[in-house]
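Enquirer: Please see the structure below; I have some questions.
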DNA sequence: AGCTGGAGTTCCGCATGTCGGAACGGACGC
DNA sequence: GCGTCCGTTCCGACATGCGGAACTCCAGCT
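Protein chains in written order, with our numbering: chain U, 1 to 245; chain R, 1001 to 1245.
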């Protein structure tokens, strides 16, 4: 098995152990999660700490500043964010809601930027966070304009149920996406989290391919969501034009 | 030499090759920068691509989304940012200037968050960016309240000249830091970039140790900088109190 | 076309660096 | 003072990473 054999991929599996929530792990926990013998983990961790992918704390290990730095250098989200930020801010000040920018990554979306609504408490997603496409407005906006093969992938991976309202039937998802194409707007009606509504619109690059989506979220009713659709759509059109320049 | 011998550190040196500006490199460039034979680089890159630390593009390789994700999970900046954001926003709306939050990393500061002034063009630093401590208000604010050994390290590393006004004399730096301690405010008068003024104040955790600093920047004159000092100081005190909770 | 330079990829034998069980040592907390 | 769970060290066997060299492919010249 070429996959887990190389010492590099063993080391990377150590880093993977951190994306399930907890910010701090002991060496033993780390070795267990990564499925490595303690002594192997120990040696690899030594290198990772030296490079500052990991940091030692009094009680264990956690991800280090080097990863923070590199994460901010990743070109695809960085360039998109730099262009989009002014538009997102406009949307934020006019709607006074939480504004999101996300890109596709495999069959998920990854949040690139999130401008929080003033009073809102902790959101359930964050910049750098990942959610499935089928249950988010952002994801559906992107999926609706992607090649059909992507939808097949999403369906094949299974439409995981996040709330009682999550779309789980592939046929229902198909007709939903057709509706999205008609409006150029996608909704999420408590499909990723109960109580959460969201309106999103796709963003296209100069080749006319979907690369990302914008959304406004955090409202309580379906009707306010509909009410905000024009603002989101307008922002998405301006931004797509900017991305084509 | 244990350092460059392990295959893991070779792989990490490939990632290091990206932090000098350019977002996209060819395999050969990458191998050269990392000082590795092409065939070795090729094999390692294969693993990194599989893990999505790197992505292949038509013309080369660039940092991948996995690093973006992990970068946002790094606890120390993340937790600080989450707590500080509301205070930064207050400072931003009241001053209408660019607001920065940075932590110390070795003898540099690393920007954790940056709220841009509305009209300002491209700033010279960004979230995830790194600058020396001795030539920035943020750095001096942190350095002034750090153990003396740190100052020695900074001096030993050499006070690199960024502009004609950069402090290069260790004695001058010492007296400057004493002044910072007296005011609880640090200034940067075109010491990191000509035309750029900055006011910063330190942030303390519950143990009374400096962990970070806030600043307001982007003004043209020394007097407006002085004028904004009370706002920065107030924000830093509130924030320090919050960090102690 | 034909050539040339530089890109990425493949091959394969050598030996180097990795593997991991097991044993050690230290810090808690019961 | 005893058990437990942590991190660290050791070392022989061996698997794996190493990298020079050779190959292919494409783009741009002449």
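Yeah, the Cβ is synthetic: ideal placement off N, Cα and C, and Gly gets one too.
(1) Classify residue 1087 (chain R) as helix, strand or coil using the three-state DSSP reduction.
(2) Answer yes or no: does any C-beta atom of chain U fall closer than 8 Å to that of residue 1065 (chain R)?
(3) In whole angstroms, what separates the C-alpha of residue 1242 (chain R) from that of residue 1078 (chain R)?
(4) Assign residue 127 (chain U) to one of three DSSP states: helix, strand, or coil.
(5) Given that a residue counts as buried once 16 or more other Cβ atoms are within 10 Å of its Cβ, and exposed if not, what is residue 167 (chain U)?
(6) For the segment 1191-1221 of chain R, list the beta strand (DSSP E) runs that are entirely contained and at least 3 residues long, ordered along the chain.
(7) In angstroms with no decimal places, state the Cα-to-Cα distance between residue 157 (chain U) and residue 1005 (chain R).
(8) In the segment 11-22 of chain U, which residues sit with their C-beta less than 7 Å from some C-beta in chain R, listed in chain order?
(9) Nearest by alpha-carbon distance to residue 1153 (chain R): which of R:1233, R:1037, R:1018 and R:1105 is it?
(10) So residue 1051 (chain R) packs on residue 54 (chain U), CB below 8 Å; how close in whole Å?
(11) I'd like to check one pair, residue 151 (chain U) with residue 159 (chain U): are the Cβ atoms closer than 8 Å?
(12) Mind checking the segment 1090-1121 of chain R against chain U and listing, in chain order, the residues whose C-beta falls within less than 7 Å of any C-beta there?
(13) By how many angstroms is the C-alpha of residue 149 (chain U) removed from the C-alpha of residue 237 (chain U)?
(14) Mark residue 1193 (chain R) as exposed unless 16 or more other C-beta atoms lie within 10 angstroms of its C-beta, in which case mark it buried.
(15) Closest to residue 276 (chain U) by C-alpha separation, out of U:113, U:107 and U:140, would be which residue?
(16) Counting only C-beta atoms, is residue 157 (chain U) closer than 8 Å to chain R at any point?
(17) Under the three-state reduction of DSSP, which class applies to residue 154 (chain U): helix, strand or coil?
(18) Within a Cβ cutoff of 6 Å, which residues of the same chain sit near residue 1218 (chain R), ignoring the five residues on either side of it in sequence?
(19) Is it right to say residue 1139 (chain R) is buried, meaning 16 or more other beta carbons lie within 10 angstroms of its own, or is it exposed?
(20) Counting C-beta neighbours from all protein chains within 10 Å, is the total for residue 1064 (chain R) 16 or more, i.e. buried, or is it exposed?
(21) So with Cβ pairs under 8 Å, would you call residue 74 (chain U) a contact of chain R?
(22) Chain U beta carbons: is any one of them nearer than 8 Å to that of residue 1204 (chain R)?
(23) Kindly identify the DSSP beta-bridge partner or partners of residue 1189 (chain R).
(24) Cα separation between residue 1020 (chain R) and residue 1134 (chain R)?
(25) I need the straight-line Cα distance from residue 1047 (chain R) to residue 1007 (chain R), nearest angstrom please.
(26) How long is the line joining the alpha carbons of residue 1009 (chain R) and residue 10 (chain U), rounded to whole angstroms?
(27) Between residue 1027 (chain R) and residue 1042 (chain R), how many whole angstroms is the CB-CB distance? I'm expecting something under 8 Å.
(28) Would you say residue 169 (chain U) faces chain R, with C-beta separation under 8 Å as the test?
(29) With the cut-off set at 8 Å, would you say residue 109 (chain U) and residue 131 (chain U) are in Cβ contact?
(30) Hey, quick one: how far does the beta strand (DSSP E) through residue 114 (chain U) stretch, first residue to last?
(31) Please report how far the alpha carbon of residue 1039 (chain R) lies from the alpha carbon of residue 1069 (chain R), in whole angstroms.
(32) Would residue 1198 (chain R) pass as a contact of residue 1137 (chain R) if the rule is Cβ separation under 8 Å?
(33) By Cβ distance, which residues of its chain are closer than 6 Å to residue 249 (chain U), with the 5 residues on each side in sequence left out?
(34) Measure the C-alpha to C-alpha separation of residue 228 (chain U) and residue 216 (chain U) and round it to an integer number of angstroms.
(35) So the alpha helix (DSSP H) residue 1047 (chain R) belongs to, where does it begin and stop?
(36) Quick check: the Cα distance between residue 1185 (chain R) and residue 1044 (chain R), rounded to an integer number of angstroms?
Expert: Put simply:
(1) Reading the second chain from its first residue, position 87 is the one you call residue 1087 (chain R). Correct three-state label for residue 1087 (chain R): helix.
(2) In the second chain, residue 1065 (chain R) corresponds to position 65, counting from 1. So, interface residue.
(3) Taking the first residue of the second chain as position 1, residue 1242 (chain R) is located at position 242. Taking the first residue of the second chain as position 1, residue 1078 (chain R) is located at position 78. In a straight line, the C-alpha of residue 1242 (chain R) is about 15 Å away from that of residue 1078 (chain R).
(4) Working through the first chain from its first residue, we reach residue 127 (chain U) at position 127. Coil.
(5) Here the question's residue 167 (chain U) lines up with position 167 in the first chain. With 16 or more other Cβ atoms within 10 Å, it is buried.
(6) 1197-1204 and 1210-1219
(7) The residue labelled residue 157 (chain U) in the question sits at position 157 within the first chain. The residue labelled residue 1005 (chain R) in the question sits at position 5 within the second chain. One C-alpha to the other measures close to 40 Å.
(8) 11, 12, 15, 18 and 19
(9) Numbered from its first residue, the second chain carries residue 1153 (chain R) at position 153. Among R:1233, R:1037, R:1018 and R:1105, the Cα nearest to that of residue 1153 (chain R) is on R:1105.
(10) In the second chain, the residue the question calls residue 1051 (chain R) occupies position 51. In the first chain, the residue the question calls residue 54 (chain U) occupies position 54. The pair is not a contact, with the Cβ atoms about 16 Å apart (cut-off 8 Å).
(11) As a position in the first chain, residue 159 (chain U) is number 159, starting the count at 1. As a position in the first chain, residue 151 (chain U) is number 151, starting the count at 1. No, Cβ-Cβ distance for residue 159 (chain U) and residue 151 (chain U) is not below 8 Å.
(12) 1105 and 1110
(13) As a first step, residue 237 (chain U) is located in the first chain; it is residue number 237 there, counting from the start. As a first step, residue 149 (chain U) is located in the first chain; it is residue number 149 there, counting from the start. Between residue 237 (chain U) and residue 149 (chain U), the C-alpha separation is close to 25 Å.
(14) Here residue 1193 (chain R) is taken as the residue at index 193 of the second chain, counted from 1. By the 10 Å Cβ count, residue 1193 (chain R) comes out buried.
(15) Here chain U has residues from 1 to 245 only, and residue 276 (chain U) is not among them.
(16) Taking the first residue of the first chain as 1, we reach residue 157 (chain U) at position 157. Closer than 8 Å: no.
(17) On the first chain, residue 154 (chain U) is found 154 positions in, with the first residue counted as 1. In the structure shown, residue 154 (chain U) sits in a helix (DSSP, three-state: H, G or I).
(18) As a working note, residue 1218 (chain R) is residue 218 in the second chain. Hits under 6 Å: 1097, 1098, 1117 and 1120.
(19) Start at 1 with the first residue of the second chain, and residue 1139 (chain R) comes out as number 139. Residue 1139 (chain R) comes out buried.
(20) Numbered from 1 along the second chain, position 64 holds the residue referred to as residue 1064 (chain R). Residue 1064 (chain R) comes out buried.
(21) Here the question's residue 74 (chain U) lines up with position 74 in the first chain. It does: the Cβ of residue 74 (chain U) has a partner Cβ on chain R nearer than 8 Å.
(22) If you number the second chain from 1, residue 1204 (chain R) lands on position 204. No - not a single Cβ of chain U is within 8 Å of the one on residue 1204 (chain R).
(23) Stepping through the second chain from its first residue, residue 1189 (chain R) is reached at position 189. Paired residue(s): R:1197.
(24) One-based indexing of the second chain puts residue 1020 (chain R) at position 20. One-based indexing of the second chain puts residue 1134 (chain R) at position 134. Going by the C-alpha atoms only, they are around 21 Å apart.
(25) Walking along the second chain from the start, residue 1047 (chain R) turns up at place 47. Walking along the second chain from the start, residue 1007 (chain R) turns up at place 7. In a straight line, the C-alpha of residue 1047 (chain R) is about 12 Å away from that of residue 1007 (chain R).
(26) The residue labelled residue 1009 (chain R) in the question sits at position 9 within the second chain. The residue labelled residue 10 (chain U) in the question sits at position 10 within the first chain. Those two C-alpha atoms are separated by around 13 Å.
(27) Position 27 of the second chain, counting from 1, holds the residue named residue 1027 (chain R). Position 42 of the second chain, counting from 1, holds the residue named residue 1042 (chain R). Contact holds; Cβ gap of about 6 Å.
(28) Reading the first chain from its first residue, position 169 is the one you call residue 169 (chain U). It does not; no Cβ of chain R falls within 8 Å.
(29) In the first chain, counting from the first residue as 1, residue 109 (chain U) sits at position 109. In the first chain, counting from the first residue as 1, residue 131 (chain U) sits at position 131. Yes, Cβ-Cβ distance for residue 109 (chain U) and residue 131 (chain U) is below 8 Å.
(30) Counting from one through the first chain, the residue named residue 114 (chain U) turns up at place 114. First-last of the beta strand (DSSP E) with residue 114 (chain U): 108-115.
(31) Locating residue 1039 (chain R) in the second chain gives position 39, counting from the first residue. Locating residue 1069 (chain R) in the second chain gives position 69, counting from the first residue. Cα to Cα, residue 1039 (chain R) sits roughly 29 Å from residue 1069 (chain R).
(32) Along the second chain, read from residue 1 onward, the residue named residue 1198 (chain R) stands at position 198. Along the second chain, read from residue 1 onward, the residue named residue 1137 (chain R) stands at position 137. Going by C-beta atoms, residue 1198 (chain R) is nearer than 8 Å to residue 1137 (chain R).
(33) No statement about residue 249 (chain U) is possible, as the shown extent of chain U runs from 1 to 245 and does not include it.
(34) Locating residue 228 (chain U) in the first chain gives position 228, where the first residue counts as 1. Locating residue 216 (chain U) in the first chain gives position 216, where the first residue counts as 1. About 8 Å.
(35) Here residue 1047 (chain R) refers to the residue found at position 47 when the second chain is read from its first residue. Start and end: 1038-1051.
(36) Here residue 1185 (chain R) refers to the residue found at position 185 of the second chain. Here residue 1044 (chain R) refers to the residue found at position 44 of the second chain. C-alpha separation (whole angstroms): 47 Å.
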